[in-house]
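Peer 1: This structure is in structure tokens; I'll ask about it shortly.
Residue numbers (this note's numbering), protein chains in the order written: chain A, 301 to 968; chain B, 8 to 106.
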């Protein structure tokens with residue numbers, strides 16, 4: 301089978317799974333829906349491997365294949381088809397998406413076991429995977445926009461999954477609205493590309509762009525900036541990031557799959573996919589890189605003070621995506637995609653471990669309440685520490701190689717790109733610190749009440765309350781189900797976490813400087829024409845970068861050890877001495893308030909003005925005036941309609957008599 | 008006989024009919040008076056027709072009779088329906104269409 305045949309099959313299985321589960325929810329017993337969904341994604345993963353292997357059989361320059369299913373719209377000068385582009389970048393993304401999705405489906409089979417919306421969850425989840433794969437495999441801008449919008453919808457549906465939870469539905473709406481802002485940017489970019497180049501096909505656009513535009517052409521920069529609006533909204537970069545922390549209201553596997561491992565990396569994929577455009581518009585690429593740097597530092601600083609376990613990981617996701625955006629924007633395509641892959645592994649793992657801990661805590665997420673789970677949850681604790689090590693970039697783990705590759709590449713480009721190296725290493729220090737803020741808080745210290753209960757074999761059950769509103773959660777429709785599931789007691793969860801733990805530790809081996817470059821060789825099929833792809837840091841500078849990165853990671857972890865294990869009171873004292881700084885960070889740099897003041901209030905004010913003045917005075921004045929005039933006129937003459945037939949007859953006769961008299965007088 | 012006599016008789020008949028329509032309250036009688044007025048018109052049509060030697064007037068008279076017959080059918084039907092529904096047979100009391 302050719303790679304494109306595999307491409308169609310990759311898309312087919314999740315869609316079929318989603319529809320089958322959606323239609324069969326009533327008859328699927330027990331955990332069948334979960335296993336069905338997992339099997340669909342596993343089949344898709346197998347096809348991704350098939351596509352990968354069949355691409356490897358081909359020579360490097362012949363690894364970009366397109367296929368069309370049918371013509372969607374054909375008109376004069378417009379030719380849109382339902383077509384896919386299978387190339388090394390798309391296949392790598394497919395492998396990451398389907399592989400991680402498969403493990404998260406497997407985890408969810410057990411984790412959501414007692415949820416009333418079990419089948420609904422897996423139908424949504426399969427639909428999400430289908431949308432994401434459509435986005436990745438799309439061969440033209442139209443299909444890209446379709447996949448992009450589907451992904452936004454799937455995210456909305458899954459954030460609002462517990463629909464009786466007010467905060468969850470509000471978070472879903474917020475995510476959807478901000479994502480639609482991005483969709484608008486993407487659609488406008490596609491329109492501009494069509495106006496300039498007359499085609500929606502990726503490969504035609506990439507071929508034509510060199511001749512049509514000069515470097516930093518105004519239109520091209522506008523196109524790239526509009527693409528960036530889409531990418532930033534999806535990937536939660538400043539200033540369109542505020543939805544991502546709120547998206548943690550959804551079930552934990554959703555946070556792991558959509559809001560950490562796959563969907564939020566769509567923006568990174570988009571920038572990498574559009575590399576011929578961005579290489580011709582260095583201004584736009586630099587704007588993207590600086591936004592990524594700002595995001596990674598802001599998010600890392602917020603992650604230092606937030607106390608909600610899932611929100612800390614969410615901010616770390618934003619921060620890590622900042623690294624990827626920097627990477628693909630400055631031309632470090634391999635490194636950016638490599639970091640995307642390793643991040644998918646360790647961040648999904650962190651969320652899974654967090655889910656297990658939260659279940660053990662009877663759904664409380666405040667890390668200030670957690671401590672000493674190392675004996676109560678030995679397996680979860682081990683995997684949590686592995687995830688935190690990879691996130692921190694501890695020497696030897698996967699995050700160690702991928703993060704440093706981006707930063708060394710920035711240094712290799714020199715000049716102002718040194719800013720990214722320095723800022724990135726500073727961010728890495730913060731990352732190591734907050735990664736082990738989670739790790740030490742959960743694992744180390746005296747066992748908390750829940751941990752002690754668990755050590756004696758009891759899983760704590762409590763009436764969970766919504767931390768934002770204080771309302772008791774409605775466990776009847778799901779949140780979070782009457783029973784809790786921890787990895788120690790559920791085999792599917794343990795398998796998923798173990799596989800991801802292995803990958804988080806060892807996935808770095810495919811791309812070790814001076815030793816292996818598997819990913820780079822494979823991606824050459826996509827990026828071979830990119831001038832920046834040819835830049836390679838020398839081995840010595842790469843090793844120097846790894847040394848610096850490793851030292852920084854160890855320094856951050858040591859500081860976390862000092863603050864949370866050796867001298868536990870240190871952070872509380874720091875907080876008391878610097879209340880302003882703490883409040884500034886804990887209030888998330890006031891971005892929500894900024895958007896509130898800049899967008900929400902003016903729009904609401906304009907709406908109120910339109911209601912009070914335009915609608916009430918102008919529109920209702922005209923409409924009400926016209927109807928009122930007709931009514932008044934009618935009142936004047938309604939007295940004539942007495943209902944006396946004889947009066948009408950008299951009127952007729954009298955009228956005719958008067959007319960006859962008149963004509964007699966006139967004619968005589 | 009000259010034309011004037013016919014016209015005078017026609018005018019008298021018409022006046023009687025009109026007076027009946029205006030003064031009587033029973034719908035049946037009003038209907039009869041309407042017929043009287045129509046026939047007054049017919050009489051003058053025929054008189055003009057004979058005096059001018061033109062048959063058009065006679066044709067008009069026939070058409071008026073057809074219309075009158077139709078009108079009687081509808082009118083009598085309405086009156087019977089009113090009677091069956093025990094409505095008052097008095098046009099002054101039938102004022103539902105008052106504005």
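Each residue gets a CB set at the ideal place from its N, CA and C atoms; glycine is no exception.
If you compare alpha carbons, which of A:442, A:464 and A:470 is closest to residue 488 of chain A?
Peer 2: Translated into the one-based positions of the first chain, residue 488 of chain A becomes position 188. Checked all of A:442, A:464 and A:470; the closest Cα to residue 488 of chain A is A:442.
Peer 1: Excluding the five sequence neighbours on either side, which residues of its own chain have a C-beta within less than 8 Å of the C-beta of residue 31 of chain B, listed in chain order?
Peer 2: Against the second chain, residue 31 of chain B aligns to sequence position 24. Only 37 and 40 meet the Cβ criterion.
Peer 1: Would you mind sorting residue 19 of chain B into buried or exposed? The rule is 16 or more other CB atoms within 10 Å of its CB.
Peer 2: The residue labelled residue 19 of chain B in the question sits at position 12 within the second chain. The residue is exposed, with fewer than 16 neighbouring Cβ atoms inside 10 Å.
Peer 1: Answer with yes or no whether the minimum CB distance from residue 949 of chain A to chain B is below 8 Å.
Peer 2: Here residue 949 of chain A is taken as the residue at index 649 of the first chain, counted from 1. Answer yes: the Cβ-Cβ gap between residue 949 of chain A and chain B drops below 8 Å somewhere.
Peer 1: Per DSSP, which residues does residue 765 of chain A bridge with? Please list them.
Peer 2: Within the first chain, numbered from 1, the residue matching residue 765 of chain A stands at position 465. Answer is A:772.
Peer 1: Put residue 63 of chain B into one of helix, strand or coil per three-state DSSP.
Peer 2: In the second chain, the residue the question calls residue 63 of chain B occupies position 56. Helix, per DSSP.
Peer 1: State the start and end residues of the unbroken beta strand (DSSP E) segment that holds residue 366 of chain A.
Peer 2: Here residue 366 of chain A refers to the residue found at position 66 of the first chain. Start and end: 365 to 375.
Peer 1: Could you have a look at residue 786 of chain A and say whether DSSP puts it in helix, strand or coil?
Peer 2: Locating residue 786 of chain A in the first chain gives position 486, counting from the first residue. Three-state result, residue 786 of chain A: coil.
Peer 1: Taking the beta carbon of residue 863 of chain A as the centre, do at least 16 other beta carbons fall within 10 Å, making it buried, or is it exposed?
Peer 2: What you label residue 863 of chain A is simply residue 563 of the first chain in a count that begins at 1. So residue 863 of chain A counts as buried.
Peer 1: Grab me the residues of residue 608 of chain A's own chain with a C-beta within less than 6 Å of its C-beta, minus the 5 sequence neighbours each way, in chain order.
Peer 2: Taking the first chain and counting its residues from 1, one reaches residue 608 of chain A at position 308. Result list for residue 608 of chain A: 665, in chain order.
Peer 1: Residue 29 of chain B versus chain A: which residues are under 8 Å apart at the beta carbon?
Peer 2: For this step, residue 29 of chain B is matched to residue 22 along the second chain. The contacting residues are 946, 949, 950 and 953.
Peer 1: For residue 704 of chain A, count the other beta carbons within 10 Å of its own beta carbon; 16 or more makes it buried, fewer makes it exposed. Which is it?
Peer 2: Numbered from 1 along the first chain, position 404 holds the residue referred to as residue 704 of chain A. Buried, since its Cβ has 16 or more Cβ neighbours within 10 Å.
Peer 1: Smallest Cα separation from residue 660 of chain A: which of A:573, A:714, A:752 and A:867?
Peer 2: By 1-based counting over the first chain, the position of residue 660 of chain A is 360. Of the candidates A:573, A:714, A:752 and A:867, the one whose C-alpha sits nearest the C-alpha of residue 660 of chain A is A:752.
Peer 1: Is the distance from the Cβ of residue 612 of chain A to the Cβ of residue 603 of chain A below 8 Å?
Peer 2: Within the first chain, numbered from 1, the residue matching residue 612 of chain A stands at position 312. Within the first chain, numbered from 1, the residue matching residue 603 of chain A stands at position 303. Yes, these two residues count as a Cβ contact at 8 Å.
Peer 1: When we look at the beta-carbon of residue 643 of chain A and count the other beta-carbons within 10 Å, is it buried (16 or more) or exposed?
Peer 2: On the first chain, residue 643 of chain A is found 343 positions in, with the first residue counted as 1. That one is buried.
Peer 1: Exposed or buried, which one is residue 716 of chain A when buried takes at least 16 other CB atoms within 10 Å?
Peer 2: Within the first chain, numbered from 1, the residue matching residue 716 of chain A stands at position 416. Classification for residue 716 of chain A: exposed.
Peer 1: Would you kindly work out how many angstroms separate the C-alpha atoms of residue 55 of chain B and residue 94 of chain B, rounded to a whole number?
Peer 2: Mapped onto the second chain, residue 55 of chain B falls at position 48. Mapped onto the second chain, residue 94 of chain B falls at position 87. Between residue 55 of chain B and residue 94 of chain B, the C-alpha separation is close to 43 Å.
Peer 1: Considering only C-alpha positions, which residue in the set A:359, A:371 and A:355 is nearest to residue 389 of chain A?
Peer 2: The residue given as residue 389 of chain A occupies position 89 in the first chain. Taking only the C-alpha atoms, the option nearest residue 389 of chain A is A:355.
Peer 1: With DSSP run on the structure shown, which of helix, strand or coil describes residue 438 of chain A?
Peer 2: Within the first chain, residue 438 of chain A is the residue found at index 138, counting from 1. Residue 438 of chain A: strand per DSSP, three-state reduction.
Peer 1: Would you say residue 15 of chain B faces chain A, with C-beta separation under 8 Å as the test?
Peer 2: If you number the second chain from 1, residue 15 of chain B lands on position 8. Not an interface residue.
Peer 1: Which residue comes first and which comes last in the alpha helix (DSSP H) that contains residue 874 of chain A?
Peer 2: Looking up residue 874 of chain A in the first chain gives position 574. From DSSP, the alpha helix (DSSP H) with residue 874 of chain A extends over 870 to 877.
Peer 1: What residues are listed by DSSP as bridge partners for residue 501 of chain A?
Peer 2: Residue numbering aside, residue 501 of chain A sits at position 201 when the first chain is read from its first letter. Paired residue(s): A:440.
Peer 1: My output table needs one value for residue 835 of chain A: the three-state DSSP class, helix, strand or coil.
Peer 2: Translated into positions along the first chain, residue 835 of chain A becomes position 535. Coil at residue 835 of chain A, not helix or strand.
Peer 1: Which residues does DSSP list as the beta-bridge partners of residue 382 of chain A?
Peer 2: Taking the first chain and counting its residues from 1, one reaches residue 382 of chain A at position 82. In DSSP, residue 382 of chain A forms a bridge with A:370.
Peer 1: So if I threshold CB-CB distances at 7 Å, which residues from the stretch 80 to 95 of chain B count as touching chain A?
Peer 2: For the stretch 80 to 95 of chain B, which is checked against every Cβ of chain A, not one residue is closer than 7 Å.
Peer 1: Within the same chain, show all residues whose beta-carbon is closer than 6 Å to that of residue 733 of chain A, passing over the 5 residues directly before and after it, in chain order.
Peer 2: By one-based count along the first chain, residue 733 of chain A stands at place 433. The answer, listed in chain order, is 856, 859 and 860.
Peer 1: Compare the C-alpha of residue 404 of chain A against each of A:353, A:906, A:874 and A:337 and name the closest.
Peer 2: On the first chain, position 104 is the one that residue 404 of chain A refers to. Selected option, being the one with the closest Cα: A:337.
Peer 1: With distances taken between CB atoms, is the gap from residue 1055 of chain A to residue 306 of chain A smaller than 8 Å?
Peer 2: This structure gives no information on residue 1055 of chain A, because the portion of chain A shown stretches from 301 to 968.
Peer 1: Helix, strand or coil, according to DSSP, for residue 704 of chain A in the structure here?
Peer 2: Reading the first chain from its first residue, position 404 is the one you call residue 704 of chain A. Note: residue 704 of chain A maps to helix in three-state DSSP.
Peer 1: Can at least three beta-carbon pairs, one atom from the stretch 672 to 682 of chain A and one from the stretch 836 to 850 of chain A, be found at a separation below 8 Å?
Peer 2: At 8 Å Cβ cutoff, the stretches do not touch.
Peer 1: Taking residue 946 of chain A as the reference, give the member of B:28, B:58 and B:81 with the closest Cα.
Peer 2: Position 646 of the first chain, counted from the first residue, corresponds to residue 946 of chain A. The option with the nearest alpha carbon to residue 946 of chain A is B:28.
Peer 1: CB-CB under 6 Å to residue 364 of chain A, same chain, minus the five flanking residues each way: which ones, in chain order?
Peer 2: Here residue 364 of chain A is taken as the residue at index 64 of the first chain, counted from 1. Counting only Cβ-Cβ distances below 6 Å, and skipping sequence neighbours, we find 387.
Peer 1: Please confirm whether residue 25 of chain B has its beta-carbon closer than 8 Å to some beta-carbon of chain A.
Peer 2: The residue labelled residue 25 of chain B in the question sits at position 18 within the second chain. For residue 25 of chain B, the answer is yes, since a Cβ of chain A falls inside 8 Å of its Cβ.
Peer 1: Could you pull out every residue in the same chain whose Cβ sits closer than 6 Å to the Cβ of residue 762 of chain A, ignoring the five residues on either side in sequence?
Peer 2: Working through the first chain from its first residue, we reach residue 762 of chain A at position 462. Around residue 762 of chain A: 662.
Peer 1: Tell me, to the nearest whole angstrom, how far the beta carbon of residue 421 of chain A is from that of residue 408 of chain A; I am working on the premise that it is less than 8 Å.
Peer 2: Walking along the first chain from the start, residue 421 of chain A turns up at place 121. Walking along the first chain from the start, residue 408 of chain A turns up at place 108. Yes, they are in contact, since the Cβ atoms of residue 421 of chain A and residue 408 of chain A sit about 7 Å apart, within 8 Å.
Peer 1: Is residue 104 of chain B close to chain A, meaning its C-beta is less than 8 Å from at least one C-beta of that chain?
Peer 2: Counting from 1 along the second chain, the entry for residue 104 of chain B is found at position 97. It does; some Cβ of chain A falls within 8 Å.
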